[in-house]
Every structure is written in C-alpha cells, then in structure tokens.
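Have a look at the structure below, then the notes.
There are 2 protein chains.
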Amino acid sequence: MTRLTKTIKLRDVAERAGVSQGTASNVFNRPELVREEVRSRVHAAAQALGYAGPSPKGRLLRAGKVNAIGVAAAEPLDYFFADPWARRLLREVAAVCDARGAGLALVSVGRGGPLGWGIESALVDGFLLRCAGRELLVEIAQRRGLPFVALSLDTAEPDVPAVDIDDFGGARDAARHLVALGHRHIAIIGIGLGDGPGRASPELARSTRFVNVRERARGFWAGLAEAGIGPEDVPILVGQDDGSMIGPALAELFQTSEVRPTALLAMSDRVALAALDWLNHQGLRVPGDVSVVGFDGVPEAEAAVPSLTTVEQPYRQIAERAVAAILDDAIPAGREVLPLSLVIRNSTGPAHKAD
Amino acid sequence: MTRLTKTIKLRDVAERAGVSQGTASNVFNRPELVREEVRSRVHAAAQALGYAGPSPKGRLLRAGKVNAIGVAAAEPLDYFFADPWARRLLREVAAVCDARGAGLALVSVGRGGPLGWGIESALVDGFLLRCAGRELLVEIAQRRGLPFVALSLDTAEPDVPAVDIDDFGGARDAARHLVALGHRHIAIIGIGLGDGPGRASPELARSTRFVNVRERARGFWAGLAEAGIGPEDVPILVGQDDGSMIGPALAELFQTSEVRPTALLAMSDRVALAALDWLNHQGLRVPGDVSVVGFDGVPEAEAAVPSLTTVEQPYRQIAERAVAAILDDAIPAGREVLPLSLVIRNSTGPAHKAD
DNA sequence: ACTGGTATTTGAATCGGTTCAAGAGCGGTC
DNA sequence: GACCGCTCTTGAACCGATTCAAATACCAGT
C-alpha cells in the first residue's frame with residue numbers, strides 16, 4: 001500500500017484555499033478565530049484534496065503532549081491480559097485513562113533498541129512501571145527522562161516515585177481474621193521463595209529480595225503473634241505464583257505434620273486458588289476442614305467455589321493515583337502506601353476441633 | 001515539574017562534540033558509519049549534557065512509522081480488560097505484537113476531537129477495529145486514513161477489510177454435536193435479540209442486524225435440520241450477553257414447555273456460563289439432565305464446573321492475520337473468514353430419556 | 001480625512017530528528 | 001604530481017504541524 005500520491009498536508013490545503021498555513025491550522029484547531037467564509041473555503045479545499053485533518057504526528061512534535069500513558073512490565077506484552085492481577089489493575093487504569101480522555105499503551109521491556117517498541121521509544125507522556133524484583137525497569141525509565149511511577153516496587157529506594165500497598169497491614173489483618181475464628185494451626189503459602197516444592201525457613205522469608213513477600217510474611221507473623229503463635233510454629237510452603245508447585249507442597253505438609261493445619265494464609269490469590277483446588281481434590285472441605293485466605297483480591301477469587309476470603313488491593317485508588325501522577329505532573333516524592341482491605345467470603349470459617 | 005532547563009536536543013550534543021548534527025544522529029542510529037574516535041566524543045558530550053538519546057517524537061515525524069498498532073472499540077477502555085472475549089483476543093494480539101517488537105495502544109471511540117485520544121489522534125500505524133454492530137468505527141477509521149482491519153464486523157459490506165470467523169459453520173458443528181449425542185429437544189440461548197427475558201421468533205433471529213447472531217442462528221438450524229428438527233421446534237431465548245436475563249428466560253422455558261429441552265445451544269460463552277449457573281442452582285445436573293454448548297471459547301469456559309463444551313475462535317490466527325495486515329501492509333481485500341473448532345468438554349453428554 | 005480599536009491573517013520560527021547528495025581527507029598508483 | 005577509490009563528515013532539505021508577534025482590514029467616531 002505504498003502511496004504514490006504523496007500525502008496531502010496542511011500546507012497543500014492552505015495553498016489551494018488561498019490562505020496561509022497558519023490560518024488553515026486555525027480552521028481545524030480554533031475555528032472561532034477564522035471568518036466563516038474562509039473557514040468553509042478551507043474545508044472545501046480539504047474535502048477536495050481528501051485531507052483528513054491535521055496529522056497527529058506533526059501536532060505531537062509541536063505540542064509535546066502525546067496524551068497517553070504507557071504501562072511497562074518486564075514480561076511479554078500478553079502478560080497484561082493473561083495475569084489476573086495485572087488484568088485487574090489495568091482495567092482500572094484503563095477506566096481512569098478513559099475518563100480523562102487519555103490513551104493507554106502497553107510496553108514490554110524485552111527488546112529495546114531503536115528498533116522495537118520499548119520504554120526507550122514508546123510515544124507516551126510517562127510510564128507506570130510494574131516492577132517485580134527488577135529495578136531494571138526503573139533504571140531504563142530514568143534514562144528515558146519521562147515521568148514515571150513504580151507500582152508494587154520491590155526495592156525500598158526512597159527516591160523512586162512509587163504507589164504501593166500496605167502489605168504488612170493487609171497480611172496482619174488476614175492473620176487476625178483466622179485467629180479470631182479460633183485457628184491456631186496455620187500454614188503460610190509463600191511465593192517467590194525458591195524453586196522446588198517444600199518448606200522455607202522464616203529467615204529466608206525475612207531476607208528475600210522481594211519486599212512485598214517479606215512484608216506479607218512479617219504481617220502474617222505479627223497478626224499471629226497477637227495470639228501467641230510464633231514464626232517457628234508456622235510452616236512456610238514454597239510455591240510458584242502460577243500455582244504449579246502448591247499440590248506437592250501441601251501434600252507433604254498434610255502427610256508429615258503431626259498437627260495438620262486448620263487454615264492457610266496465602267501470599268497471593270493464585271496460590272490460594274491452587275490450594276483450594278488441591279484441597280477439593282483431596283476431599284477436604286473448605287472451610288469445614290481447612291480455611292483459606294488469599295491475597296490480592298483478583299476477580300477469580302470471587303468466582304471461585306467456595307469464594308475466596310482475601311486481602312484486596314485498592315485497585316481503583318492505585319490506578320487513580322498513578323495516572324494522576326503522570327497526567328497531572330503530580331509525581332509522588334517517594335513511596336506512597338495505600339491500605340488494603342480484608343474481604344471475607346466463604347473460604348474461611350471457625351476452626352474445627354483439633355485432631 | 002516544569003523544566004526550567006530547556007530540553008537538550010541532538011543539536012546541542014552535536015555542537016558540544018564539535019560535529020555536525022547529521023553525524024551525531026548517525027552515532028545513535030548507525031554507529032558503524034562513524035569513526036570510533038568521533039563516536040566516543042559524541043557519547044561523552046551526550047553523557048555530559050544528560051542527553052537520553054534521540055527523542056522518539058522527532059524521529060517519528062521523519063520516519064513515519066510509529067511501530068505500534070491501535071485496537072479500537074466503541075466501549076470504554078476498560079472493556080479490553082473486563083470482557084472475556086476481548087481479553088482473550090487481546091492476549092493473542094499482544095503476544096503477536098510482542099514477537100514482532102511492535103507496540104500496542106488501546107483506543108476508545110468515546111470522546112474524540114482534537115483533545116482526547118481517539119482514532120483520530122492515536123499515534124499508531126493502523127487499527128484493529130472491534131466492531132459490534134456499528135460501522136461507525138469503520139467510518140471514523142476510514143476518515144483517519146490509516147490502514148485498518150475490522151474484527152467480527154457486523155455488516156457484510158464487501159469493501160471493508162475484515163478478519164472474521166465462520167459463525168455459521170461453528171454453530172452447525174455445535175448443533176451436530178448435540179444431535180449426535182441423541183438430543184432432540186433443544187433450545188437456543190440468543191444474544192442481542194431484545195431487551196426483556198422471554199423468547200424470540202426465528203424471524204427476529206433471521207433479521208437482526210447483527211450478522212454474527214444471524215449466522216449463528218442459521219448454523220444451529222442447519223445442524224439441527226440434518227436430524228429433521230425445524231426452527232419452529234427450537235425455542236430461542238432472549239438474553240443479554242452479560243448473562244443478566246438468562247435465569248428468568250430459562251425459568252420460563254423449563255416451567256411452561258410441555259417437553260423440557262435436554263440441551264442448550266448458546267450464542268456465547270457468557271450466556272452459556274450464566275445458564276450453567278442457573279441450572280446448578282435449580283439442582284439440574286449438567287450434563288446429566290441438560291447439556292450445554294457455548295460459543296467463543298473464552299478461558300472461563302474451560303475453568304467452569306463442569307467445563308464448558310464450546311465452539312472456539314481461532315484467537316491466535318485472528319491476531320496474527322490482523323496484526324500482519326497492519327504491520328506488513330497486507331490488508332485483506334475484503335472479509336476473510338477463519339474456521340472455528342468445536343471443543344468438547346464436560347458440559348455435554350448423551351441425551352437422557354425424554355420425560 | 002484621520003484616529004483608535006477590534007477582528008482576521010500572515011510569515012516565520014520552532015518542535016527534534018533523519019536522510020542523502022556532495023565534499024573533504026587520505027593512502028596508494030602509475 | 002595527477003588521479004583514483006575509500007571512508008567519514010557536513011550541510012541543508014524535509015517531516016507536518018502549531019504558535020505568536022506583527023501586519024492588515026474594517027468600522028465607528030469625530
């Protein structure tokens with residue numbers, strides 16, 4: 001579709017209408033400044049030439065503002081539609097952008113260079129960085145020189161603008177909920193703590209480089225501590241966030257423990273859901289035999305059977321704060337923390353009698 | 001964050017390095033053309049000035065290619081993350097774009113004007129139009145003058161480039177499947193056929209302006225006709241695609257029919273899933289009492305309990321074809337039709353004895 | 001006829017790069 | 001010493017608009 005007819009530009013229209021280019025520009029952007037007669041003459045010329053209106057490309061250069069924000073992740077682009085958390089958050093980001101008439105571009109950091117569409121080259125006014133563990137993204141974004149906000153940043157660098165959540169508080173609330181229901185034998189299902197199924201030590205959870213994993217662990221312990229339950233009494237299962245290793249880990253836990261746990265505190269809804277699945281297959285009733293609390297509040301948690309009690313992120317607020325940061329030049333000075341809320345559904349209930 | 005220091009541009013770097021702007025440009029884009037010594041001099045100057053590399057804005061104007069495609073819908077932006085079908089398709093589109101190093105921008109058609117980010121102003125190389133009934137989108141895209149492809153276009157205009165699916169064939173396969181299982185009393189759950197719960201006449205289904213609804217209906221009838229079942233023997237339930245009116249419609253059907261259907265042919269997975277839900281609540285077993293076939297093949301269909309037999313769209317192929325159309329200038333001449341495939345899961349089984 | 005004021009238009013600068021024909025510098029040949 | 005073939009560099013045009021100070025047109029008032 002190589003155009004032989006070279007593109008018609010504003011200049012051509014102006015020429016044909018017998019006006020200056022400046023006037024032609026005004027016809028399209030500030031019609032009230034142009035006399036009616038001239039206006040229609042220009043429109044007629046545009047019509048005759050098949051001019052579609054000022055090209056955004058040209059405008060951009062002059063105006064500077066693209067009126068769009070980019071969301072970047074280290075994962076491939078389809079992550080934004082495949083991952084439950086990302087999808088849930090992006091939905092709010094999209095809604096906020098829509099309400100403000102701004103565009104939304106998805107950016108993956110994989111291939112960069114002057115060739116591919118990356119943080120270096122995306123035509124946007126700023127970035128929302130979905131960082132998980134790699135501050136790499138932040139570094140690249142800084143290089144680009146556009147405003148950016150990190151979401152769920154995994155490092156505690158104070159000078160990086162970030163909108164984050166109170167993992168500690170949310171986790172503590174989750175633990176308190178179980179404690180209030182009478183649970184005393186509780187296990188944690190972790191994420192990002194290792195490769196194989198099995199258990200992790202509290203030290204590992206305390207020292208992982210993933211800040212939110214650390215904080216969630218600390219929160220769980222803090223809540224349990226209020227009932228006199230110490231970290232050493234709480235097994236930590238190693239799982240992948242995609243839920244792949246939860247089965248074996250749970251099997252080991254339920255077979256070898258002298259006292260089987262009556263409740264599970266998961267560090268993400270995905271692992272919680274995987275646990276739910278495993279429990280169902282084992283014929284264990286939820287919450288009859290085992291209660292389960294998730295983390296994140298993804299839509300799947302609500303749809304699960306039984307629906308999952310979980311600590312929900314304030315998606316809308318995160319989106320609003322982050323988008324405003326970019327669009328209103330209101331970059332947070334450092335890390336801003338938003339509260340989470342415990343949503344109680346049907347996967348938690350009173351502790352049954354200990355065996 | 002108004003910058004007082006005015007932006008550093010390539011020209012500044014060139015000046016400071018004592019080379020021409022053209023050479024400076026080459027340093028960043030075609031380093032092999034520049035002598036090592038000069039190259040490092042320019043880099044040093046860039047470093048000193050805090051120059052982040054050529055701005056995409058400038059490049060764009062000259063180069064023409066944005067290297068990104070826009071996906072547009074008439075719905076608000078969050079539709080792309082909230083709607084199961086859109087999300088599923090976008091996931092593939094994203095994957096294809098990622099593989100080609102292209103960007104992905106989401107566009108809603110709501111607010112346009114020179115102000116908001118719409119089809120008129122999005123900085124992309126072309127559009128994928130998710131049309132549902134309104135050729136409005138097509139019209140706007142034509143005006144913009146960029147290449148575009150319509151997805152699931154609801155009009156049969158032959159000159160609009162479109163990547164579409166064989167609704168008729170898919171629906172026929174679904175009907176054949178039920179027939180082969182011995183079902184003879186079958187109802188159709190329609191979409192886009194009206195406002196209230198209740199039934200629609202075959203005439204209505206034949207004349208609706210939604211092409212794919214028409215085609216799916218025709219396909220169902222064609223498959224059933226092979227077993228001697230005529231359209232007049234098949235009630236058509238009116239439902240909203242969001243599943244909201246399925247319950248009442250089904251209730252009416254199951255209470256008033258002299259012969260209760262043993263199987264349901266749904267025009268979308270969403271209504272099928274809603275039907276599944278209703279049946280569960282009524283204590284009717286699927287597929288024991290009633291078999292259900294969906295349409296679209298969204299991820300939720302697989303996750304449902306029981307998993308839903310459905311006619312699956314070739315998402316990957318659609319995405320590949322459509323993205324290639326834009327990025328490779330391979331716009332289809334007219335409507336291209338891709339085949340669907342029946343995925344048999346656990347929501348369909350042999351017909352039980354008629355009551 | 002001249003003046004002041006308002007409504008339109010114009011022209012030129014700018015935005016930030018890319019591109020490419022033409023020129024400069026240089027080592028080697030005949 | 002003139003000429004050739006190379007490798008780098010330069011300079012200027014161009015991409016498609018927006019913007020704004022200055023120029024012009026038009027009109028009422030005196």
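Protein chains in written order, with UniProt numbering: chain A, 1 to 355; chain B, 1 to 355. A virtual CB, placed ideally from N, CA and C, is assigned to each residue, including glycine.
Beta-carbon neighbours of residue i, restricted to chain A and to distances below 7 Å
| i | result |
| --- | --- |
| residue 76 of chain B | 95 and 98 |
| residue 91 of chain B | 78, 81 and 82 |
| residue 87 of chain B | 81 and 87 |
Proximity to residue i [Cα-Cα], best of the options
| i | options | result |
| --- | --- | --- |
| residue 282 of chain B | B/255, B/109 and B/335 | B/255 |
| residue 278 of chain B | B/251, B/25 and B/334 | B/251 |
| residue 271 of chain A | A/102, A/246 and A/31 | A/246 |
| residue 176 of chain B | B/218, B/269 and B/97 | B/218 |
| residue 326 of chain A | A/193, A/88, A/68 and A/40 | A/68 |
| residue 309 of chain B | B/84, B/173 and B/10 | B/173 |
| residue 151 of chain A | A/74, A/206 and A/61 | A/74 |
| residue 351 of chain A | A/261, A/306 and A/343 | A/261 |
| residue 179 of chain A | A/148, A/222, A/195 and A/190 | A/222 |
| residue 149 of chain B | B/338, B/347 and B/324 | B/324 |
| residue 171 of chain A | A/20, A/49 and A/225 | A/225 |
| residue 165 of chain B | B/196, B/135, B/215 and B/203 | B/215 |
| residue 14 of chain A | A/49, A/33 and A/6 | A/49 |
| residue 298 of chain B | B/84, B/64 and B/186 | B/84 |
| residue 90 of chain B | B/101, B/76 and B/71 | B/71 |
| residue 87 of chain A | A/187, A/334 and A/316 | A/316 |
| residue 231 of chain B | B/210, B/204 and B/211 | B/204 |
| residue 109 of chain A | A/258, A/76 and A/158 | A/76 |
| residue 294 of chain B | B/284, B/258 and B/340 | B/340 |
Chain-ordered chain B contacts of residue i [CB-CB under 7 Å]
| i | result |
| --- | --- |
| residue 108 of chain A | 98 |
| residue 121 of chain A | 56 |
| residue 52 of chain A | 143, 144 and 145 |
Residue i classed as buried or exposed, judged by whether at least 16 other C-beta atoms fall within 10 angstroms
| i | result |
| --- | --- |
| residue 55 of chain B | buried |
| residue 381 of chain A | The displayed coordinates of chain A run from 1 to 355. Any statement about residue 381 of chain A would go beyond what the structure contains. |
| residue 240 of chain A | buried |
| residue 291 of chain B | buried |
| residue 78 of chain B | buried |
| residue 47 of chain B | exposed |
| residue 36 of chain A | exposed |
| residue 322 of chain B | buried |
| residue 268 of chain B | buried |
| residue 229 of chain A | buried |
| residue 29 of chain A | exposed |
| residue 18 of chain B | exposed |
| residue 126 of chain A | buried |
| residue 193 of chain B | buried |
| residue 344 of chain A | exposed |
| residue 206 of chain B | exposed |
| residue 25 of chain A | buried |
| residue 120 of chain A | buried |
| residue 301 of chain A | buried |
| residue 355 of chain B | A caution first: residue 355 of chain B carries a pLDDT of 49, below 50, which makes its placement in the model too unreliable to give a value. |
Those residues which DSSP pairs with residue i across a bridge
| i | result |
| --- | --- |
| residue 336 of chain B | B/163 |
| residue 191 of chain A | DSSP, once it has assigned bridges, lists no residue as partnering residue 191 of chain A. |
| residue 296 of chain B | B/312 |
| residue 186 of chain B | B/263 |
| residue 273 of chain B | Answer is none; residue 273 of chain B lacks a bridge partner. |
| residue 68 of chain A | A/103 |
| residue 236 of chain A | A/188 and A/200 |
| residue 150 of chain A | A/129 and A/162 |
| residue 73 of chain A | A/108 and A/130 |
Amino acids of chain A, ordered along the chain, whose beta-carbon sits closer than 9 Å to that of residue i
| i | result |
| --- | --- |
| residue 42 of chain B | The contacting residues do not exist; residue 42 of chain B stays about 15 Å from chain A at best. |
Within chain A, partners of residue i - CB distance below 8 Å
| i | result |
| --- | --- |
| residue 305 of chain B | 305 |
Listed by chain order, chain B residues near residue i by CB distance under 8 Å
| i | result |
| --- | --- |
| residue 105 of chain A | 68, 103, 104, 105 and 106 |
Any non-hydrogen atom of the ligand PLP closer than 7 Å to residue i Cβ
| i | result |
| --- | --- |
| residue 123 of chain B | Here there are no bound small molecules, and the ligand PLP is not part of this structure. |
Closer than 9 Å, Cβ to any Cβ of chain B: which residues of the stretch 57-72 of chain A, in chain order?
57, 58, 59, 60, 61, 64, 66, 67, 68 and 70
Residues, ordered as in the chain, of the stretch 175-190 of chain A that lie near chain B by beta-carbon distance below 9 Å:
none
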